[in-house]
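Worksheet: one structure, shown below.
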Amino acid sequence: MKRFSFHTFFVSALILLLAPELFAADQSGEAISGLALGSGIGIGIAAAGGGVGMGRMVASALDAVGRNPGAAGQIQTPMIIGLALIESLVIYALAITFLLQNKI
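Letter by letter, the sequence shown follows residues 351 to 454 in my numbering.
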């Protein structure tokens, strides 16, 4: 089983590396509109996922503070760090979207 998964991974990586050369085509109107649509959908999914993740984190932190108000200081710092890490993923998606939009 391990050998099969290694071979599957190797073949998949090889296909992904060779795909641009094998399927190269000129940039038509469909390709450009697909790039714009894909980048918009990508940032939308990233923002939605980040919003859901942040909401769940804050809800859990507030629930924990409600159960034990004395631990608010110990809960707040990791929560803020976690929120910053979640937001950084959304910002990375935004940067990738800008890079894709520059290709249009």
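Built from N, CA and C at the ideal position, the CB exists for glycine as well.
Just tell me which of 453, 443, 452 has its CA closest to the CA of residue 396. It is 443.
Using a threshold of 8 Å, state whether the C-beta atoms of residue 421 and residue 411 are closer than that. In this structure, residue 411 does not lie closer than 8 Å to residue 421 by Cβ.
Segment limits, alpha helix (DSSP H) that includes residue 422: Taken as a continuous stretch (DSSP letters only), the alpha helix (DSSP H) holding residue 422 covers 422-451.
Suppose you measure from the CA of residue 429 to the CA of residue 438; what does that come to, to the nearest Å? The straight-line gap from Cα to Cα measures roughly 14 Å.
Distance check for residue 431 and residue 392, CA to CA, integer angstroms please. Computed Cα separation, rounded: 24 Å.
Selection from 389, 383, 360 that minimises the alpha carbon distance to residue 449: The residue from 389, 383, 360 with its alpha-carbon nearest to that of residue 449 is 389.
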